[in-house]
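Engineer: Residue numbers (the numbering used here): 21 to 102.
Built from N, CA and C at the ideal position, the CB exists for glycine as well.
Note that this is a predicted model, so its numbers are computed, not measured.
Take this structure, written in structure tokens, and hold onto it; I'll ask about it next.
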Ligand SMILES: [Zn+2]
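Written out as structure tokens, the structure is:
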């Protein structure tokens, strides 16, 4: 049996980035992280501020920028009383 061909759907890789506004967002791409990377400017999904991120070459036109919800570390409340 040969197993050499790959027919699996490539998973989108996601990388977490932080914006100066405090938002966390993920930049997803279908590239191979071992490829040469290039830098591309994306907009923060919350404040729209441009953010330069590094992505594999050729994927810069197929990026998924997604705001990552979740409690802010400094804004967390509840739990742990003392
Ligand atoms: Zn922002």
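Below 8 Å on the Cβ atoms is my guess for residue 73 versus residue 37; work out the distance and round it to an integer in Å.
Structural biologist: 6 Å
Engineer: Quick one: grab the DSSP three-state call for residue 56.
Structural biologist: coil
Engineer: Starting from residue 74, follow the beta strand (DSSP E) in both directions and report where the run begins and ends.
Structural biologist: 70-76
Engineer: Can you tell me whether residue 88 sits near ligand 1, meaning its C-beta is under 8 Å from at least one heavy atom of the ligand?
Structural biologist: no
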